[in-house]
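Protein chains in written order, with our numbering: chain A, 480 to 657; chain B, 10 to 125. Cβ coordinates follow ideal geometry from the N, Cα and C atoms, glycine included. All values reported here derive from a predicted model rather than from experimental measurement.
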Amino acid sequence: MRRDLPALDRLHERHHGLTEAVCRSYDEAVRVCLSRHHKPPVKILTEADDVERWFTLEWTPATTREHRAWANMNDAVEAGAYGVAIATIEALYGWFAIARAETLTGADYYVGAVGADLESAFRLEISGSDVAGPTELRLRLARKLQQASAGRSVLPALACVVGFKSRLILVSNLENME
Amino acid sequence: MIDQEHQRAQELAAEAAAELRAGNADDAARLYGRAAQHEERALANVPHDKPRTLGIIGVSLAALHFKAGRNDEAARVAASLLESSDLPPDARAQLEEIAEAAQIARAQSTMQASHH
Chain A
480 MRRDLPALDR LHERHHGLTE AVCRSYDEAV RVCLSRHHKP PVKILTEADD VERWFTLEWT
540 PATTREHRAW ANMNDAVEAG AYGVAIATIE ALYGWFAIAR AETLTGADYY VGAVGADLES
600 AFRLEISGSD VAGPTELRLR LARKLQQASA GRSVLPALAC VVGFKSRLIL VSNLENME
Chain B
10 MIDQEHQRAQ ELAAEAAAEL RAGNADDAAR LYGRAAQHEE RALANVPHDK PRTLGIIGVS
70 LAALHFKAGR NDEAARVAAS LLESSDLPPD ARAQLEEIAE AAQIARAQST MQASHH
């Protein structure tokens, strides 16, 4: 049975932590990142709670103009990872981005079930990579778990690592640490 | 339910980030400043029995002031919130980082001003 990731350009319809403008920006960034390596549609493997699931993502290749607008790959990967991560959390858990909040170096998203507030929401830590393979992506996730165990992370929290070339998304609850 | 002032603050912050990516630092700072005004109202609306929410919105407010170039305001907000014993450890750590960053930025501003 085919499972689809939610349409990235319409996440704002359910995720109140996203405006339409931000949602479409993330969608553009995702299409730019995917266009560098793949043709649509793309099958993506998610690993969460020790369970592997395949999802299909329908997308439209980025235009030349969009590639130019997102010429800074760091910006594209960061924004693209936000969009993919939020869609993945919805697909896996039925949770939504309920709010975004500024930090010194960027912004954090908070996710939860419908009706959740900031007091009970999970902070979503997101990391993206253009070309990293599965091993490097798993190392990134492991580093986030180590940071959490050092007491610097806001718990409860989820970590999501997105690999665009590798078509791999890793999700971990940061409370599940040894 | 998320406070409408906080939502408006985040809309403006997202616009500011887009301006920053486009290289328009002055416009970004102005938008971050406007976002901070809404976030200040959002912080005032948070009930005192929601320490995690106070921490999250408080950090967001201090960060918005810092990104707007309002180092004094960022430091003031951080110092005020750090007085609370109910502040979650993670919010405390983030506010201490912002306070330090604001102090460094103020010192750099002072040095640059004295060289002119």
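Worksheet item: What span of residues does the alpha helix (DSSP H) with residue 580 (chain A) cover, start to end?
Response: Here residue 580 (chain A) belongs to no alpha helix (DSSP H); instead the beta strand (DSSP E) covers 575-581.
Worksheet entry | Within chain B, partners of residue 488 (chain A) - CB distance below 8 Å | Going along chain B, no residue has its Cβ under 8 Å from residue 488 (chain A), so there is no contact; the nearest lies around 16 Å.
Worksheet item: Is the closest heavy atom of the ligand ZN to the C-beta of residue 91 (chain B) under 7 Å?
Response: In terms of ligand content, the structure shown is empty, and the ligand ZN therefore cannot be addressed.
Worksheet item: Across which residues does DSSP place residue 28 (chain B) in a beta bridge pair?
Response: Residue 28 (chain B) is not bridged to any residue.
Item to complete: Determine the extent of the alpha helix (DSSP H) in which residue 68 (chain B) is found, giving its start and end residues.
Response: That run of the alpha helix (DSSP H) goes 60-76.
Discussion item. Is the separation between the beta-carbon of residue 48 (chain B) and that of residue 88 (chain B) shorter than 8 Å?
Written reply: No, they are not a contact pair.
Discussion item. Let me see if you follow: with CB-CB separation under 8 Å, is residue 113 (chain B) close to chain A or not?
Written reply: Taking Cβ atoms only, chain A never reaches closer than 8 Å to residue 113 (chain B), which makes this a no.
Worksheet item: Under three-state DSSP, which class holds residue 641 (chain A)?
Response: Correct three-state label for residue 641 (chain A): strand.
Worksheet item: At what residues does the alpha helix (DSSP H) containing residue 99 (chain B) begin and finish?
Response: Its alpha helix (DSSP H) spans residues 98-124.
Item to complete: Note down, in chain order, every chain A residue with its Cβ under 7 Å from the Cβ of residue 61 (chain B).
Response: Near residue 61 (chain B) (Cβ distances below 7 Å), the residues of chain A are 597, 598.
Discussion item. Just checking: is the beta-carbon of residue 583 (chain A) within a distance shorter than 8 Å of some beta-carbon in chain B?
Written reply: Cβ-Cβ to chain B under 8 Å: yes for residue 583 (chain A).
Worksheet item: Should the region 600-620 of chain A be called in touch with the region 640-649 of chain A, which here means at least 3 C-beta pairs below 8 Å?
Response: Contact holds: three or more Cβ-Cβ distances are below 8 Å.
Worksheet item: Should residue 541 (chain A) and residue 569 (chain A) be called a contact, given that it needs their Cβ atoms to be closer than 8 Å?
Response: Result no, Cβ atoms of residue 541 (chain A) and residue 569 (chain A) do not sit closer than 8 Å.
Practice prompt. Output the distance between the C-alpha atoms of residue 56 (chain B) and residue 62 (chain B), rounded to the nearest integer angstrom.
Written response: Residue 56 (chain B) and residue 62 (chain B): Cα-Cα distance of roughly 9 Å.
Discussion item. Does residue 657 (chain A) come out as helix, strand or coil in the three-state DSSP assignment?
Written reply: Confidence at residue 657 (chain A) is low in this model, with a pLDDT of 40, below 50, so the placement of that residue is unreliable and no value is reported for it.
Discussion item. For residue 499 (chain A), which residues in the same chain have their Cβ closer than 8 Å to its Cβ, ignoring the five residues on either side in sequence?
Written reply: Non-local C-beta neighbours of residue 499 (chain A) in its own chain, meaning closer than 8 Å and more than five positions away in sequence, comprise 491, ordered along the chain.
Discussion item. Strictly under 8 Å for the Cβ-Cβ distance: is residue 656 (chain A) near chain B by that measure?
Written reply: Low per-residue confidence applies at residue 656 (chain A): pLDDT is 49, beneath 50, and the placement is therefore not dependable, though the value from the model is reported in the following sentence. So, not an interface residue.
Worksheet item: Which residue's Cα is closest to the Cα of residue 606 (chain A): A:562, A:598, A:484?
Response: Ranking A:562, A:598, A:484 by Cα distance to residue 606 (chain A) puts A:562 first.
Discussion item. As a quick exercise: from A:635, A:592, A:524, A:512, pick the residue whose alpha carbon is nearest that of residue 482 (chain A).
Written reply: Residue 482 (chain A) has its Cα closest to that of A:524, out of A:635, A:592, A:524, A:512.
Worksheet item: Does the region 63-83 of chain B come close enough to the region 569-586 of chain A that 3 or more CB-CB pairs lie under 8 Å?
Response: Yes, since at least three Cβ pairs between the region 569-586 of chain A and the region 63-83 of chain B fall closer than 8 Å, the two stretches touch.
Discussion item. Quick check on the DSSP output: the alpha helix (DSSP H) that includes residue 49 (chain B) runs from which residue to which?
Written reply: Residues 34-54.
Fill in: For residue 535 (chain A), the three-state DSSP class (helix, strand or coil)
Residue 535 (chain A): strand per DSSP, three-state reduction.
Worksheet item: Going by beta carbon distance, what residues of the same chain come within less than 6 Å of residue 100 (chain B), once the five residues before and after it are set aside?
Response: So the qualifying residues of the chain are 64, 68.
Discussion item. Measuring straight from C-alpha to C-alpha, what distance separates residue 487 (chain A) and residue 555 (chain A)?
Written reply: Their backbone Cα atoms lie some 15 Å apart in a straight line.
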